[in-house]
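J.: Each protein sequence line maps, in turn, to chains U and A. Convert by adding 28 to the 1-based position in the first sequence; the result is the number in the numbering used here. Convert by adding 28 to the 1-based position in the second sequence; the result is the number in the numbering used here.
2 protein chains.
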Amino acid sequence: MTTSRRPTIGVFDSGVGGLTVLRALLQRIPDADYLYFGDTARLPYGSKSAATVAHYATGAVHYLQDHGAELLVIACNTATALAFNEIKSASRVGVIGVVEPGAEAAAKATRRKNVVVIGTDATISSHAYQRALQSKGVAVREKACPLFVPLVEEGWVEHGVTEQVARIYLSEAFSDDARDADVLVLGCTHYPLIKPLLRRVAPDHVNIVDSAESTAHAVAEQLRIAPLHSAEESEKRGVPRLKFFATDSAEKFKKMGTRFLGRPVEEVEHVDLKE
Amino acid sequence: MTTSRRPTIGVFDSGVGGLTVLRALLQRIPDADYLYFGDTARLPYGSKSAATVAHYATGAVHYLQDHGAELLVIACNTATALAFNEIKSASRVGVIGVVEPGAEAAAKATRRKNVVVIGTDATISSHAYQRALQSKGVAVREKACPLFVPLVEEGWVEHGVTEQVARIYLSEAFSDDARDADVLVLGCTHYPLIKPLLRRVAPDHVNIVDSAESTAHAVAEQLRIAPLHSAEESEKRGVPRLKFFATDSAEKFKKMGTRFLGRPVEEVEHVDLKE
């Protein structure tokens, strides 16, 4: 347990994608310390059953708690979609997932009550965003974009091929009932890296809601409403301390992670979680 | 155990990709029965350690043996590259991997002793093809093509995007020292589906070696040299019996598998292997 009065926030993802959420958190809440857990040896969660995902995610969040996390951010769309309640009931501390904040921001941003959500196959098949948005009276078109993650991982974030793929996916997404949709939700933590490209390709009238940013906003709100410490201002300042845990190679995590975090990923510790 | 005199061949892969190997086997050896095991719940193997892959693969081949397989084909480049010896020593029956037959066919086909191998990140990083080819006195350029698998899984096997990606990858592969290479080895079981496209994009003088076909050839050779049964010709005829096992959803396996096998995938049984 940390003895500092700065809050320690634990961020969990199946891989490096959640680092875009950490990046948004660092921008919005620089006066905190962060622990990040990437379950890189067992990704992708998308092809696994809800029970398995819940089991893996619970192990990871326990690890983060045991290392001092006082608030948990599930920066993994699949884990949030398939196992949020299980993770929540297994946690001693507060938990914020990535779906609800994105859906809430989209519901606020849409004037036409008509939204397009893009994500991986697993996230889209779960219909987690659909449920969250429909409960707010918003019509939803969900569109799986399975090529975006490998394109981002290939480093082709500003590439003709990625732009062509985006044109195909978005023209399919913004068709028929969704022709009038005025919000595009980025329902995958890899997508912020191609946000400038998606901005160019999406119809002009469309607002882009980045669920990484929405989640950081929700975490800031939560800390405002219920601060973890009665910290004095002077003790809150300083550079955030970042510590990373990965279940696969630390070197691979550093290399890939730096692109997602937008700054060097340094202190990475390899962790072997029991199956 | 089967009481028929037709051989029962077990085919193992982490997913549906190995069905292209089964497809080649069915063409070359129609007078056999086949058991196929796809470890779809635990794919991709590429991000896992050699020890984990060996553990998973060994479990799967034991399952195939227990269900009557008399010869095992490891139709998974990653499992062959990372764990072939472990699988072999854990098996009571003969085992044929997918790397050695591909390398052997390439060594025979190249006149310039200069070969390009394409595959997934995991297969290329393992340098299994490089080792196999260099031991035969052949120079090798290895090139990872991580976008091909998701493009094939998206169904874009004859698509402008896939062609553009192939042009980029192959022009990088056939450059510098590999400019004169006269053989292209398809070192991934997904790639036979884009073979016509790769044929168009690859330099004209290049021969394509499909390791699925090379493996089927190696299995036929093995059966010729050491038949499993002293079968009478009359008992060998008939339609091959196909039985599939998948560790993830049987429905998903059927749907995706049909495209890889080129015929309906019917009898699929869900299997839950202990971790």
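Beta carbons: idealized from backbone N, C-alpha and C, even for Gly.
May I ask you to list, following chain order, the residues of the region 69-81 of chain U that have a beta carbon less than 9 Å from some beta carbon of chain A?
T.: A69, R70, L71, P72, S75, K76, S77, T80
J.: Does any residue of chain A have a CB that is nearer than 8 Å to the CB of L198 of chain U?
T.: no
J.: Under 8 Å, Cβ to Cβ, is there at least one residue of chain A near S47 of chain U?
T.: Note on identity: in this sequence residue 47 of chain U is Leu, with Ser being the wrong assignment. No, no contact with chain A.
J.: Do F40 of chain U and L100 of chain U come within 8 Å of each other at the CB atom, strictly closer than that value?
T.: The answer is yes: Cβ separation under 8 Å.
J.: So what does DSSP say about H298 of chain U, is it helix, strand or coil?
T.: Note: H298 of chain U maps to strand in three-state DSSP.
J.: Count the other C-beta atoms from every protein chain shown that fall within 10 angstroms of the C-beta of L289 of chain A, then say buried if there are 16 or more, exposed otherwise.
T.: buried
J.: Rounded to whole angstroms, what's the CA-CA distance from P35 of chain U to A82 of chain U? Just pull it up for me.
T.: Those two C-alpha atoms are separated by around 26 Å.
J.: Are the beta-carbon atoms of S75 of chain A and T68 of chain U separated by less than 8 Å?
T.: A contact, by the Cβ cut-off of 8 Å.
J.: Could you name the residues of chain D that D276 of chain A contacts, counting a contact when the two beta carbons are closer than 9 Å?
T.: Absent here is chain D; the protein component of the structure consists of chains U and A.
J.: Hey, quick one: how far does the alpha helix (DSSP H) through A109 of chain U stretch, first residue to last?
T.: Its alpha helix (DSSP H) spans residues 105-117.
J.: Can you grab the Cα-Cα spacing for the pair T286 of chain A / F176 of chain A, in whole Å?
T.: 18 Å
J.: G147 of chain U: which of U:H90, U:A109, U:A118, U:R291 sits nearest, CA to CA?
T.: U:A109
J.: Shortest alpha-carbon distance to V185 of chain U belongs to which of U:D208, U:I222, U:S199?
T.: U:I222
J.: So with Cβ pairs under 8 Å, would you call V189 of chain A a contact of chain U?
T.: yes
J.: Please determine, among U:G66, U:S119, U:P129, the residue with the shortest C-alpha to C-alpha distance to A244 of chain U.
T.: U:P129
J.: Could you work out which residue in U:E170, U:I37, U:G46, U:Y197 is closest to F281 of chain U when comparing CA atoms only?
T.: U:G46
J.: DSSP three-state call for I196 of chain A: helix, strand or coil?
T.: Secondary structure at I196 of chain A: helix, using DSSP grouped into helix, strand and coil.
J.: Checking the sheet assignment: what are the DSSP bridge partners for R169 of chain U?
T.: Paired residue(s): U:V144.
J.: Listed in chain order, which residues of the region 162-181 of chain A have Cβ atoms closer than 9 Å to some Cβ of chain U?
T.: The region 162-181 of chain A vs chain U, Cβ under 9 Å: P174, L175, V177, P178, L179, E181.
J.: Tell me which residue opens and which closes the alpha helix (DSSP H) that A274 of chain U is part of.
T.: From DSSP, A274 of chain U is part of no alpha helix (DSSP H) but of the beta strand (DSSP E) over 270-274.
J.: For a quick check, are the C-beta atoms of N105 of chain A and C173 of chain A less than 8 Å apart?
T.: no
J.: Just mark D44 of chain U as buried or exposed, buried being the case when its beta carbon has 16 or more other beta carbons within 10 Å.
T.: First, the amino acid is wrong: residue 44 of chain U is Val here, not Asp. The residue in question, V44 of chain U, is buried, as its Cβ has 16 or more Cβ neighbours within 10 Å.
J.: DSSP state of T86 of chain A, grouped into three classes?
T.: helix
J.: Can you tell me which of U:G87, U:S163, U:H155, U:R120 puts its alpha carbon nearest to the alpha carbon of A135 of chain U?
T.: Answer by Cα proximity: U:S163.
J.: Under 9 Å between beta-carbons, which chain U residues line up against Q192 of chain A? List them in chain order, please.
T.: G188, V189, Q192, listed in chain order.
J.: Can you tell which of U:P292, U:T275, U:N235 has the C-alpha that lies nearest to the C-alpha of A26 of chain U?
T.: Any property of residue 26 of chain U remains undetermined from this structure, which presents chain U solely from 29 to 303.
J.: Going by beta-carbon coordinates alone, are S242 of chain A and E132 of chain A separated by less than 8 Å?
T.: yes
J.: Assign V213 of chain A to one of two classes, buried (16 or more other C-beta atoms within 10 Å of its C-beta) or exposed (fewer than that).
T.: buried
J.: Which residues does DSSP list as the beta-bridge partners of Y62 of chain U?
T.: As DSSP reads the structure, Y62 of chain U sits in a beta bridge with U:I37, U:L270.
J.: What did DSSP end up calling V44 of chain A once you bin it into helix, strand or coil?
T.: Residue state for V44 of chain A is assigned as coil, using DSSP reduced to three classes.
J.: Pick from A:H218, A:I253, A:L256: whose alpha carbon is nearest that of V126 of chain A?
T.: A:H218
J.: Curious, which full-length alpha helix (DSSP H) runs of at least 4 residues does the region 189-245 of chain A contain?
T.: 223-229
J.: Taking A274 of chain U and G66 of chain U to be in contact with their CB atoms under 8 Å, please state how far apart those CB atoms are, rounded to whole angstroms.
T.: 5 Å
J.: Which of the three DSSP states is assigned to V123 of chain U in this structure?
T.: strand
J.: Run through the DSSP bridge pairs and tell me what I102 of chain U is partnered with.
T.: Note: I102 of chain U sits in a beta bridge opposite U:F40, U:G125.
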